[in-house]
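Residue numbers (this note's numbering): 6 to 211.
Quick reminder that beta carbons are idealized off the backbone N, C-alpha and C, glycines included.
If you're wondering where the values come from, they're calculated on a predicted model, not measured in any experiment.
Below you'll find the structure, written out as structure tokens, and then a few comments.
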Amino acid sequence: MAFVVAVAQRKGGAGKSTVAANLAVALAASGARAALLDTDPQATLTRWHALRDADRPLAFENPSGWRVPGTVDRLRKTMDFIVLDTPPHADTDSRIAMRSADLVLIPLQPSLPDLWAMEATLEVAAAEKRSVALMLNRVPAQGRAAQEVADTLAQRKLPLLPAAFGNRTAFAAAFAAGLGVVEAAPRGQAAAEAKALAEAIRQESR
Numbered sequence: 006m007a008f009v010v011a012v013a014q015r016k017g018g019a020g021k022s023t024v025a026a027n028l029a030v031a032l033a034a035s036g037a038r039a040a041l042l043d044t045d046p047q048a049t050l051t052r053w054h055a056l057r058d059a060d061r062p063l064a065f066e067n068p069s070g071w072r073v074p075g076t077v078d079r080l081r082k083t084m085d086f087i088v089l090d091t092p093p094h095a096d097t098d099s100r101i102a103m104r105s106a107d108l109v110l111i112p113l114q115p116s117l118p119d120l121w122a123m124e125a126t127l128e129v130a131a132a133e134k135r136s137v138a139l140m141l142n143r144v145p146a147q148g149r150a151a152q153e154v155a156d157t158l159a160q161r162k163l164p165l166l167p168a169a170f171g172n173r174t175a176f177a178a179a180f181a182a183g184l185g186v187v188e189a190a191p192r193g194q195a196a197a198e199a200k201a202l203a204e205a206i207r208q209e210s211r
């Protein structure tokens, strides 16, 4: 049975789609049977997937609303991991997607607005009785912001994954080509970060 991860964050621009795409691709590249679901009406991942070459297959569907649970239940039987990109609001569609997941992965940039925005996501996950994990995204190469956010999360005893994505152009370049960074630049630092996230999710699934 597949382990289902819903990538969720109320704040728009937190990088959910980039995280979801790179996680799914990295899991697939490691040999896992991975599926990616775009449940966001903005359809960012649907457009990303349309750019992919036919020789880079990745199980992909774009269900919405009440179609999400049925799609997840069907894919659970044949996949090892299912990654869901969710709408950037604590609305009904986001709640349904989180309800279908085993883990809610909350990406946040090292900033106060992202910390504030995650509260609504945490509340929904708690209401749905779903486990959560947080990851830092777009971490700048310099400055103390990331450490300050990590310290705040530690004080609140919120589970922060050891894997983080740096603020790297490689993520944007790969996404614009319909790729994950492990495909576009497999030896780069961004690919190493995507692989580390995939491994962290593997650990969460055990």
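Under the three-state reduction of DSSP, which class applies to F86: helix, strand or coil?
Reduced to three states, the DSSP call for F86 is strand.
Tell me the rounded alpha-carbon separation between A181 and P112.
Rounded to the nearest angstrom, the gap between the Cα atoms of A181 and P112 is 20 angstroms.
Name the two residues that bound the continuous alpha helix (DSSP H) containing L120.
Note, L120: alpha helix (DSSP H), 117-132.
Determine contact between the region 126-140 and the region 35-49, defined as no fewer than three beta-carbon pairs at a distance below 8 angstroms.
With a cut-off of 8 angstroms, the region 35-49 and the region 126-140 do not count as touching, because too few Cβ pairs lie within range.
In angstroms with no decimal places, state the Cα-to-Cα distance between N67 and S116.
Taking the straight line joining both Cα atoms gives about 30 angstroms.
According to DSSP, L165 sits in a beta bridge with which residue or residues?
Partner residues in the beta bridge of L165, as assigned by DSSP, are L139.
Which value, in whole angstroms, describes the spacing of the CA atoms of S105 and F8?
Taking the Cα positions, S105 is about 10 angstroms away from F8.
Any 3 or more C-beta pairs closer than 8 angstroms across the region 166-175 and the region 135-153
Because the criterion of three Cβ pairs below 8 angstroms is met, the region 166-175 and the region 135-153 touch.
Could you say if the region 145-159 and the region 18-30 meet the contact criterion of at least three C-beta pairs nearer than 8 angstroms?
With fewer than three CB-CB distances shorter than 8 angstroms, the region 145-159 does not count as touching the region 18-30.
State the Cα-Cα distance for the pair G193 and H94, rounded to the nearest angstrom.
Computed Cα separation, rounded: 33 angstroms.
Taking the alpha-carbon positions, what's the L89 to M103 distance?
Straight-line Cα distance between these residues: approximately 9 angstroms.
So who's on the other strand from D43, going by DSSP bridges?
D90, per the DSSP bridge assignment.
Between which residues of its own chain and A179 is the CB-CB distance below 8 angstroms, once the five residues before and five after are set aside?
Listed in chain order, the non-local C-beta contacts of A179 below 8 angstroms within the same chain comprise N27, G185, V186, E188, A189, A190, A195, local neighbours out to five positions each way being set aside.
Cα-Cα separation, L56 to Q47:
Cα-Cα distance, rounded: 16 angstroms.
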